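Number of protein chains: 2
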Amino acid sequence: MRLPAPARREQILDVSVQVFAHRGFHSTSMNDVAEAAGVTKPVLYQHFDSKQDLYMALLEEAGTRLRNAVRKAVTDATSGKEQTERGFKAYFRWVADDHDAFLLLFGSRANRDEESTIAIRRITAEAANAIAPLIAADIEGEHQEMLAHGLVGLAEGVSRHLVERGERFDPEVLGQQIADLAWAGLRAVHRNG
Amino acid sequence: MRLPAPARREQILDVSVQVFAHRGFHSTSMNDVAEAAGVTKPVLYQHFDSKQDLYMALLEEAGTRLRNAVRKAVTDATSGKEQTERGFKAYFRWVADDHDAFLLLFGSRANRDEESTIAIRRITAEAANAIAPLIAADIEGEHQEMLAHGLVGLAEGVSRHLVERGERFDPEVLGQQIADLAWAGLRAVHRNG
DNA sequence: CCGAGTTGTTACTCTCTGGTAACCCTTATG
DNA sequence: CATAAGGGTTACCAGAGAGTAACAACTCGG
Chain A
1 MRLPAPARRE QILDVSVQVF AHRGFHSTSM NDVAEAAGVT KPVLYQHFDS KQDLYMALLE
61 EAGTRLRNAV RKAVTDATSG KEQTERGFKA YFRWVADDHD AFLLLFGSRA NRDEESTIAI
121 RRITAEAANA IAPLIAADIE GEHQEMLAHG LVGLAEGVSR HLVERGERFD PEVLGQQIAD
181 LAWAGLRAVH RNG
Chain B
194 MRLPAPARRE QILDVSVQVF AHRGFHSTSM NDVAEAAGVT KPVLYQHFDS KQDLYMALLE
254 EAGTRLRNAV RKAVTDATSG KEQTERGFKA YFRWVADDHD AFLLLFGSRA NRDEESTIAI
314 RRITAEAANA IAPLIAADIE GEHQEMLAHG LVGLAEGVSR HLVERGERFD PEVLGQQIAD
374 LAWAGLRAVH RNG
């Protein structure tokens, strides 16, 4: 079945995010991707310079979708607590909806070389930076950042556990719970620190 | 420099944990490992059946050290809160001491194929199972497990952030803080859930 | 209905690297 | 000083997979 170039490009992105998400970067050959897309290898190279290039495009897209989802949710919240709740809910909604993208970025099969490591680290760092200001302002910056990365890890750990076991979950309920945990936890650190 | 077989085996393990930790599985060739150990490839195959076999041995060792460290610390604690504190402190002490092992298991360069994914998942699951009982008993089992994985992720996120940026930290102080966060957080989930 | 541009395929090349066969040192021991 | 025995090396094989050159086939405007 023939497709116009832009459509084919989109289809390749759609298909390859699935393949890479489940088998990882190194275990997936360009032939695998091509086969999954119903074409042959050279077609891939008409749209992407290299395997790395294709992979980076996927990471970029996934990261953007995550960022937008959370940013949009957090925007019109008034209190810090509300931001936290909305943020986590939006995050888990993204995980539920964009399953393969989650696995691509944070799944344990996400084999990473130099370049992709940096890309993923950047995405994680962005998430952490978005969270950092929520943490009590009288904690010093470096510390804030560290705790923020902890909370990102918290959400990541929960999601990975659920997604990799294929368990269903309600993003609203889950988000509320984890937000509660995070919020109360942060206040405790604040008090005791 | 010639070495007796057991010593050579140990040396290979020592050296390769460093190499794999920093460059990841797929980006590290057996020649790289051999070179780092100051020998040639066939020597490696006198001690390990395959690259995978060597890698699994490293994961196994690292996992055992982590498990022992935490288990030992938690053993003679009376209250759940004390267990939490000791557990996290021991964990961060392990991270600080066994740097490369941490990166091997949880670093973002930890490229994983089928087999190693399973091994690492098992280690993480063990950690989570150790934590699960600490979580208020009136939360149902599946939920407990999920929160436990979240806390593992929390510690992982904090460690990764610190280790990959090469920042120094005091395991006692850090462990106390994260334990505070976890403990207070769990109680909040308990109340609100 | 024709031909130019675009989509796709076949059939390679080339490199990298895991793994091995065959051989060479060094050391200890009677 | 002969001789195992074990530690180590050189030089190779074979497979996998990224990337490409050359060619085929569809389709759409004129």
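Chains as they are written, first to last, in this note's numbering: chain A, 1 to 193; chain B, 194 to 386. Cβ coordinates follow ideal geometry from the N, Cα and C atoms, glycine included. If you're wondering where the values come from, they're calculated on a predicted model, not measured in any experiment.
For residue i, report the span of its alpha helix (DSSP H) as first-last.
| i | result |
| --- | --- |
| M249 (chain B) | 244-268 |
| G153 (chain A) | 141-164 |
| F194 (chain A) | For chain A, the structure presents residues 1 to 193; residue 194 (chain A) sits outside this window and is missing. |
| P6 (chain A) | 5-23 |
| R206 (chain A) | Here chain A comprises residues numbered 1 to 193, so residue 206 (chain A) is not present and cannot be evaluated. |
| R380 (chain B) | 364-385 |
| M194 (chain B) | From DSSP, M194 (chain B) is part of no alpha helix (DSSP H); its letter is neither H nor E. |
| D138 (chain A) | Segment: none, D138 (chain A) is in no alpha helix (DSSP H) and carries neither H nor E. |
| N31 (chain A) | 30-37 |
| H159 (chain B) | A query on residue 159 (chain B) cannot be resolved here, the shown segment of chain B reaching from 194 to 386 and no further. |
Do you know whose CA, among the options, lies nearest residue i's CA?
| i | options | result |
| --- | --- | --- |
| I205 (chain B) | B:H219, B:E228, B:I316, B:G346 | B:E228 |
| F102 (chain A) | A:G87, A:I120, A:A128, A:E115 | A:I120 |
| A69 (chain A) | A:D53, A:D98, A:R165, A:T78 | A:D98 |
| T268 (chain B) | B:V351, B:I324, B:I332 | B:I324 |
| E217 (chain A) | A:A73, A:M30, A:S116 | Not covered by the structure: residue 217 (chain A). The range shown for chain A is 1 to 193. |
| Q369 (chain B) | B:E307, B:S309, B:G386, B:R279 | B:R279 |
| L134 (chain A) | A:N192, A:D14, A:L186, A:M1 | A:L186 |
| E307 (chain B) | A:A110, A:E114, A:K89 | A:A110 |
| D14 (chain A) | A:A137, A:Y91, A:F106, A:A37 | A:A37 |
| S309 (chain B) | B:M223, B:G386, B:L237, B:K244 | B:K244 |
| V356 (chain B) | B:Q276, B:G300, B:L237 | B:G300 |
| L181 (chain A) | A:L154, A:F169, A:A90, A:H161 | A:L154 |
| P197 (chain B) | B:V236, B:H354, B:Q211 | B:V236 |
| H26 (chain A) | B:T271, B:G386, B:R305, B:D363 | B:R305 |
| Y284 (chain B) | B:V351, B:Q211, B:G359, B:G334 | B:V351 |
| E253 (chain B) | B:M223, B:V210, B:Y238, B:M194 | B:V210 |
| A96 (chain A) | A:R165, A:A7, A:G193, A:P6 | A:R165 |
For residue i, which residues in the same chain have their Cβ closer than 6 Å to its Cβ, ignoring the five residues on either side in sequence?
| i | result |
| --- | --- |
| L259 (chain B) | W287 |
| I316 (chain B) | G256 |
| Q144 (chain A) | A132, I135 |
| F88 (chain A) | G175, I178, A179 |
| L151 (chain A) | I131, A182 |
| A77 (chain A) | Q83, R86 |
What does a CB cutoff of less than 7 Å around residue i pick up in its chain, not counting 5 residues either side in sequence?
| i | result |
| --- | --- |
| F213 (chain B) | T221, Y248, L251, L297 |
| H342 (chain B) | A321 |
| T277 (chain B) | L327, A372, A375, W376 |
| Y238 (chain B) | none |
So which residues of chain A does residue i contact, with C-beta pairs closer than 9 Å?
| i | result |
| --- | --- |
| I205 (chain B) | Here the premise fails: no neighbours, minimum Cβ distance about 23 Å. |
| L355 (chain B) | M146, H149 |
| N224 (chain B) | Chain A residues near N224 (chain B): none, gap ~18 Å exceeds 9 Å. |
| V208 (chain B) | Within 9 Å Cβ-Cβ: nothing; V208 (chain B) doesn't reach chain A, min ~21 Å. |
Note down, in chain order, every chain B residue with its Cβ under 7 Å from the Cβ of residue i.
| i | result |
| --- | --- |
| R86 (chain A) | Near R86 (chain A) there are no residues of chain B at all, since even the closest Cβ is about 16 Å away, more than 7 Å. |
| D180 (chain A) | A381, V382, N385 |
| R122 (chain A) | Near R122 (chain A) there are no residues of chain B at all, since even the closest Cβ is about 11 Å away, more than 7 Å. |
| Q177 (chain A) | V382, G386 |
| G185 (chain A) | L374, A375, A377, G378 |
Which same chain residues end up closer than 8 Å to residue i when comparing Cβ atoms and leaving out the 5 residues on each side of it in sequence?
| i | result |
| --- | --- |
| R202 (chain B) | H240 |
| T40 (chain A) | A34 |
| R71 (chain A) | A130 |
| D331 (chain B) | H383 |
| D225 (chain B) | V212, R216 |
| R353 (chain B) | F299, G300, S301 |
For a contact meaning CB atoms closer than 8 Å, what does residue i contact in chain B?
| i | result |
| --- | --- |
| R71 (chain A) | Result: empty, since nearest Cβ-Cβ is about 20 Å, beyond 8 Å. |
| N129 (chain A) | Result: empty, since nearest Cβ-Cβ is about 12 Å, beyond 8 Å. |
| T117 (chain A) | S301, R302 |
| A90 (chain A) | What A90 (chain A) touches in chain B: nothing, since even the nearest Cβ is about 17 Å away. |
What residues from chain A crowd round residue i, counting only those whose CB sits closer than 7 Å?
| i | result |
| --- | --- |
| R286 (chain B) | Chain A residues near R286 (chain B): none, gap ~17 Å exceeds 7 Å. |
| Q149 (chain B) | The first residue shown for chain B is 194 and the last is 386, placing residue 149 (chain B) beyond what the model contains. |
| H219 (chain B) | H26, N111 |
| E389 (chain B) | In the structure as shown, chain B starts at 194 and stops at 386, and residue 389 (chain B) therefore has no counterpart that could be examined. |
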